[in-house]
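Chains as they are written, first to last, in the numbering used here: chain A, 94 to 344; chain B, 94 to 344. In this text, a Cβ means the ideal position worked out from N, Cα and C, and glycines have one as well. Given the structure is predicted, the values throughout are model-derived calculations rather than measurements. Report on the structure given below.
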DNA sequence: GACATAATCTCACTATAAGAGATTTTAAAA
DNA sequence: TTTTAAAATCTCTTATAGTGAGATTATGTC
């Protein structure tokens, strides 16, 4: 891997922790990162002392309590979470549904706020869990607004998923679909993430860049075309309100 | 402040974010940390690119989405959270109460898991929010087991709080109370954190060091001496089970 | 007590970080 | 639109720290 400065090297340790691999031994970290033993132990010492990592049984490391505290601070401070809360309240009062705010960062999407008025809400993607990028309304509502330079690598990476949900077989076909979504200002997906559910999502934009998406999920069995159209309008409008409130001047 | 290595200097930026001050401008960060402008901007660039910080309106920074994702990973990976879950389930089924696991790290306590069977549970201390150190059963259950070297600075720092809840007026008096708690293996507090509530807490120990506490909170109006004694026994026993399961060999 | 592994230390060498000051970019005001 | 101010980045010299090989210590197991 290319040479990096020291601060990036220590932060790179944190990048390794994932859902499929939440625990690491020092030897594994050394091998994966290419660091020597003294270097890695110096970084682990700093990360442990700051609370970002903690030791767990078997000589392994996990993300630590500082992370738990910082997430609490983020929940409290994120203007997007604050601005969205009354809108989620209103939308879930108006329809039996789940309403989510999903942030797009780096190349991941994750839910940062949600409310539900559905009878038995079960969230496969609770706050913080990265969502699948190649499928669903949320992903498409974001992709539709990404600049080409960011979009092209994503389309390549998720080509199989995009093909398998019937979005298109070629880059040209996919581009056509995304253009249509951009014009509509909203994306709709049927059962792509959660079987039997309809997702309706619109992007939240900061200077035309999609930083997040607002999504409503409803049960397929209750839906007809008219309802979907109405909810689509509300979702688009609400996403625009949130965008204006946070990211436009004099908002 | 004393000289620190680069990795600690960059992590020190993250330390500044707190509940009372969740947003910072670069100028404020420079002043508080004593860093020059180019140095701080280099650190901010790394932290922003890793997702640990994000820009919000008005040229300020907040903790970013990476923190939200890492908290999710911590919830999934923390063996304490996993080991405690069935016990919290059992305890909240047996009594109308709120049951919590609170981790002790650095000099802070924060809730990492909770369940409630109380009729109207309202948590003043949701996951991640630091809890007051000078008052309540949880704090005392932890303090009672801290080594003297860690305990003495804490007693000094929270002397006023400790006095105002009637624990003792002098270090000697407080030491007597903490010794009694250590012998009992459990601490009980009446209305010190949440008015009208009784807290009953026992430490979770790793090699005799208190890394966490298990606490049950019940409504004061339902309690009598016999119930408190019974719940105290269950809390102590459950905390010991959890300690054994996670921190003792062949657990 | 012996042995193996985990973790830390030492120090010479190498590389990078820091920061003063300059420059560029961005935002705001006129 | 222009001007001004502030935010942010860049350059480059100097100073400092980081790296890692190998040694040593600490810890755990048999």
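**OP:** Using three-state DSSP, classify residue 229/A as helix, strand or coil.
**Re:** Reduced to three states, the DSSP call for residue 229/A is coil.
**OP:** Put residue 109/A into one of helix, strand or coil per three-state DSSP.
**Re:** coil
Original post:
Just curious, the alpha helix (DSSP H) that residue 179/B is in, first and last residue?
Top reply: Going by DSSP, residue 179/B is part of the alpha helix (DSSP H) stretching over 172-187.
Subject >> Simplified DSSP state of residue 264/B, which is helix, strand or coil >> reply: helix
**OP:** Alpha carbon to alpha carbon, how far is residue 269/B from residue 208/B? Give it in angstroms, no decimals.
**Re:** Rounded to the nearest angstrom, the two C-alpha atoms are 33 Å apart.
Original post:
With 16 other CB atoms within 10 Å as the buried threshold, where does residue 200/A fall?
Top reply: exposed
**OP:** Could you tell me the distance, in whole angstroms, from the CA atom of residue 131/A to the CA atom of residue 123/A?
**Re:** 10 Å
Subject >> Interfacial residues, the segment 110-125 of chain B to chain A, with Cβ spacing under 9 Å >> reply: Residues passing the 9 Å Cβ filter: 110, 111, 112, 115 and 116.
Original post:
Along the segment 150-161 of chain A, what residues have a CB closer than 9 Å to any CB found in chain B?
Top reply: 150, 155, 156, 157, 158, 159, 160 and 161
**OP:** Report yes or no: is there a C-beta of chain A within less than 7 Å of the C-beta of residue 332/B?
**Re:** Judged by the 7 Å Cβ criterion, residue 332/B is not in contact with chain A.
**OP:** Determine the extent of the alpha helix (DSSP H) in which residue 319/A is found, giving its start and end residues.
**Re:** Where residue 319/A is concerned, the enclosing alpha helix (DSSP H) stretches over 318-340.
Original post:
Whose Cβ in chain B lies nearer than 9 Å to the Cβ of residue 301/A?
Top reply: The premise fails here: residue 301/A is roughly 16 Å from chain B at the closest Cβ pair, so nothing lies under 9 Å.
Original post:
So what's residue 276/A in DSSP terms, helix, strand or just coil?
Top reply: Look at residue 276/A here: in three-state DSSP terms it is helix.
Original post:
How big is the Cα-Cα spacing for residue 255/A and residue 121/A?
Top reply: 34 Å
Original post:
Checking contacts by CB at 7 Å: is residue 200/A closer than that to chain B?
Top reply: It does not; no Cβ of chain B falls within 7 Å.
**OP:** Inspect the beta-carbon positions of residue 190/B and residue 310/B and report whether they are closer than 7 Å.
**Re:** yes
Subject >> DSSP state of residue 244/A mapped onto helix, strand, coil >> reply: Residue state, collapsed to three classes: helix.
Original post:
Taking just the CA atoms, how far does residue 267/A sit from residue 152/A?
Top reply: 47 Å
**OP:** Give the secondary structure of residue 98/B by DSSP, where H, G and I count as helix, E and B as strand, and everything else as coil.
**Re:** coil
Subject >> Identified DSSP bridge partners for residue 201/A >> reply: In the DSSP assignment, residue 201/A forms a beta bridge with 198/A.
Original post:
What distance in whole Å lies between the Cβ atoms of residue 221/A and residue 390/B, which are believed to be in contact at a cut-off of 8 Å?
Top reply: Because chain B in this structure spans residues 94 to 344, residue 390/B falls outside the shown range and cannot be described.
**OP:** Could you name the residues that DSSP lists as bridge partners for residue 208/B?
**Re:** 192/B
**OP:** Could you please tell me which residues of the segment 162-182 of chain A, in chain order, have their CB closer than 8 Å to any CB of chain B?
**Re:** Listed by position, the residues of the segment 162-182 of chain A near chain B (Cβ gap below 8 Å) are 162, 163, 164, 165, 166, 167, 168, 169, 170, 171 and 172.
Original post:
Any idea if residue 227/B is buried or exposed, counting beta-carbon neighbours within 10 angstroms, 16 or more meaning buried?
Top reply: buried
Original post:
Quick one, which residues of the segment 189-220 of chain B are near chain A if we go by CB-CB under 9 Å, in chain order?
Top reply: 196, 197, 198, 199, 201, 203, 204, 205, 219 and 220
**OP:** Would you list the residues sitting across from residue 238/A in a DSSP beta bridge?
**Re:** None, per the DSSP bridge assignment.
Subject >> Local conformation of residue 309/B per DSSP, three classes >> reply: strand
Original post:
Cβ atoms of residue 139/B and residue 100/A: under 7 Å apart, would you say?
Top reply: Closer than 7 Å, so yes.
**OP:** Give me the Cβ distance between residue 126/A and residue 155/A, rounded to the nearest whole Å; I'm assuming they're in contact under 8 Å.
**Re:** Not a contact, Cβ separation roughly 17 Å.
**OP:** Please classify residue 171/B: is it buried, with 16 or more other beta-carbons within 10 angstroms of its beta-carbon, or exposed?
**Re:** buried
Subject >> Start and end residues, alpha helix (DSSP H) containing residue 407/A >> reply: Residue 407/A cannot be examined here, being either before or after the span of chain A that is shown, 94 to 344.
Original post:
Span of the beta strand (DSSP E) holding residue 219/B?
Top reply: Note, residue 219/B: premise wrong, no beta strand (DSSP E); not H, not E.
Original post:
Got a sec: is the Cβ-Cβ distance from residue 144/B to anything in chain A below 7 Å?
Top reply: At least one chain A Cβ lies under 7 Å of residue 144/B.
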